[in-house]
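Report on the following structure.
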Amino acid sequence: MNGVVIVGAGLAGSRCAEALRAGGAELPITLIGSEPVGPYERPALSKEFLAGTRAQEDLFLRPPGSWGERDIDLRLGSPVERIDLRRRTVLLRGEELGWSHLVLATGSRARQLPGTAFPNVHHLRTLADAIALRAAIQADSRLVVVGAGFVGAEVASTATALGARVTIVEAETAPLARVAGAEVGRLLADRWRGEGVTLHLGARISHVDQDAVELADGTSIPYDTLLVAVGSEPASDLLGGPAGIPTDAVGRTQNDGVYACGDVAGFDGSRAEHWTSASGQAVAVASAILGRPERYASTPYFWSDQFGLRLQMVGTTAGWSNVELDGDPTSFRARYVDEEGKPLAVLLGNRSAEVAAARRELATAA
Amino acid sequence: MSTYLIEIDRSLCSGFGSCLKEAPGVFALDDGGVVTLLVAETDDEAVLDAAGSCPMGAIAVFECATGEQAA
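Here the protein sequences come in this chain order: A and B.
When we follow my numbering, the leftmost residue of the first sequence carries the number 1, and every step to the right adds one.
When we follow my numbering, the leftmost residue of the second sequence carries the number 1001, and every step to the right adds one.
Here is the structure:
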């Protein structure tokens, strides 16, 4: 069977389908999503959608009719159960679909915390998760967020604005410490506390009850709603492993005709969970399928909106030895350099006008 | 009142459309969902908010009189 089957209808899968059509592909394209809704903007789930300022229909990446118009067969509501690499098929709702090119864009899923299977314990990954969380967050209710990463911080910010009383529990001694370092982490912690959030840093959870988080030091933190935001892992059940699905720089796996992009892909040796990488990798995969491979290599970038701060990071801080911090919790710039002083990354807080310059500097240094 | 020169980086645009909401007379999305400029210069201060709202940092605004970056 000649055709492209794309498993996963998030940003990566849908952008790949679009890029194939835009590049002139005449093959049949089937885009399969396990969620019952068409491709949508996930970043808004923790922000505008959760806040109630943006409606569900405004989350869609494209108008629902546009997929059919481009002859992209969108199949929603069921996950692919199995793939057969030898016979080149996927099994969907008991039906076998053949392919000449298979793109795996299954994304990632929220990591679980053992012993927290209670109805008022939430995760945030899908639109359905966000709808459930939105219903749970009420003014004056107590929300406890486990994990001071980006999802945790953004939900804490939105919930605070909705009038909830928010507590964040984090194992590290500062928020975002692994990404941004302790110094910047302390600055963010100051900002969050200033917005009324209670922070428990360096916290060890001993166990979680249905109405309270118990810490190893004896502290009991009561909650009405608990959000577990302790990171995500690649949804690599169909192929790959804990590090995702390894690919080359255009998204080819070691299996002929099989590609991966987005959160699930260990793309050219590294796995990212950012909008920009998912989008860029999807375009690279499309270029490979079209027979004119163009590798994806761009300066990593992501943003996060939290507590009145727009954080924008260009580059990656891995291997930094020194950080040059300028500013205060309302507006700052942190520049991460290696041992030789070579810039690796720039994190900006409410300094969006400096993003372009940061990109230029890092591109020159690379 | 200042006049602003707008620069967009289409290679960065992801089609969020936040700039259209801030300054609908200045920005539009093309058929591929990528930003285009309806005008090159404007005195509409909403372009400052539009630049700030872009999550990708794909918009820069300069003051025509001084050439200094305004957002």
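Don't be surprised by glycine CBs; every beta carbon is placed ideally from N, CA and C.
Quick caveat, the model's predicted, so the values are computed rather than measured.
Chain-ordered chain B contacts of residue i [CB-CB under 8 Å]
i: A:W303; result: P1055, M1056, G1057
i: A:S352; result: A1051, G1052, C1054, G1057, A1071
Beta-carbon proximity check, residue i vs residue j, cutoff 8 Å
i: A:T158; j: A:S46; result: yes
i: A:W192; j: A:F60; result: no
i: A:L201; j: A:A174; result: yes
i: A:L11; j: A:R42; result: yes
i: A:G163; j: A:D140; result: yes
i: A:V258; j: A:R15; result: no
i: A:E35; j: A:L102; result: no
i: A:G23; j: A:A286; result: yes
i: B:L1038; j: B:V1026; result: yes
i: A:L20; j: A:L104; result: no
i: A:E361; j: A:R333; result: no
i: A:Q210; j: A:F118; result: yes
i: B:S1014; j: A:W275; result: yes
i: A:T229; j: A:I245; result: Looking at the sequence itself, residue 229 of chain A is Ala, so the reference to Thr does not match. In this structure, A:I245 does not lie closer than 8 Å to A:A229 by Cβ.
i: A:S78; j: A:R93; result: yes
i: B:V1061; j: B:A1051; result: yes
i: A:V250; j: A:P300; result: no
i: A:A297; j: A:R271; result: no
i: A:G199; j: A:L133; result: Strictly speaking, residue 199 of chain A in this sequence is Leu, with Gly absent from that position. No, these two residues do not count as a Cβ contact at 8 Å.
i: A:V197; j: A:V166; result: yes
i: A:A356; j: A:T225; result: no
i: A:G341; j: A:L309; result: no
Beta-bridge partners of residue i, as assigned by DSSP
i: B:F1062; result: B:L1005, B:Q1069
i: A:A265; result: A:I245
i: A:H200; result: A:V169
i: A:T30; result: A:V5, A:D73
i: B:T1036; result: B:A1028
i: A:N322; result: A:V337
i: A:S108; result: A:P234
i: A:I205; result: A:L215
i: A:E81; result: The partner list for A:E81 (beta bridge, DSSP) is empty, contrary to what the question assumes.
i: A:A345; result: A:G315, A:Y336
i: A:L102; result: A:V5, A:V258
i: A:P222; result: A:A212
Chain B contact residues for residue i, given Cβ-Cβ distances below 7 Å
i: A:W67; result: What A:W67 touches in chain B: nothing, since even the nearest Cβ is about 13 Å away.
i: A:A22; result: G1032
i: A:Q312; result: G1057
Interface partners of residue i on chain A, CB under 7 Å
i: B:G1067; result: Correct list: empty, because the minimum Cβ distance to chain A is about 14 Å.
With 16 other Cβ atoms within 10 Å as the buried cut-off, status of residue i
i: A:D256; result: exposed
i: B:T1042; result: buried
i: A:Q281; result: buried
i: A:A288; result: buried
i: A:L97; result: buried
i: A:H122; result: buried
i: A:E18; result: buried
i: A:D190; result: exposed
i: A:L91; result: exposed
i: B:E1032; result: Inspection of the sequence shows that residue 1032 of chain B is occupied by Gly rather than by Glu. B:G1032 should be labelled exposed.
i: A:S279; result: buried
i: A:L335; result: It should be pointed out that residue 335 of chain A corresponds to Arg in this sequence rather than to Leu. Buried, since its Cβ has 16 or more Cβ neighbours within 10 Å.
i: A:D328; result: exposed
i: A:S153; result: Per the sequence shown, the amino acid found at residue 153 of chain A is Ala instead of Ser. That one is buried.
i: A:Q312; result: buried
i: A:S352; result: buried
i: B:E1022; result: buried
i: A:T247; result: buried
i: A:T160; result: buried
Partners in chain A for residue i, counting only beta-carbon separations shorter than 8 Å
i: B:S1014; result: W275, T276, S279
Where residue i meets chain A, residues with beta-carbon distance less than 9 Å
i: B:A1060; result: A353, V355, A356
- Message: For the region 257-265 of chain A against the region 98-110 of chain A, do three or more pairs of beta-carbon atoms, one drawn from each stretch, fall closer than 8 Å, so that the two count as touching?
- Response: yes
- Task: Could you tell me whether the region 140-157 of chain A touches the region 167-185 of chain A, using the rule of 3 or more Cβ pairs below 8 Å?
- Result: yes
- Would the region 63-72 of chain A and the region 26-34 of chain A be scored as touching if the rule is three or more Cβ pairs under 8 Å? yes
- For the region 341-356 of chain A and the region 305-319 of chain A, state whether three or more C-beta atom pairs, one from each stretch, are separated by less than 8 Å. Yes, they touch.
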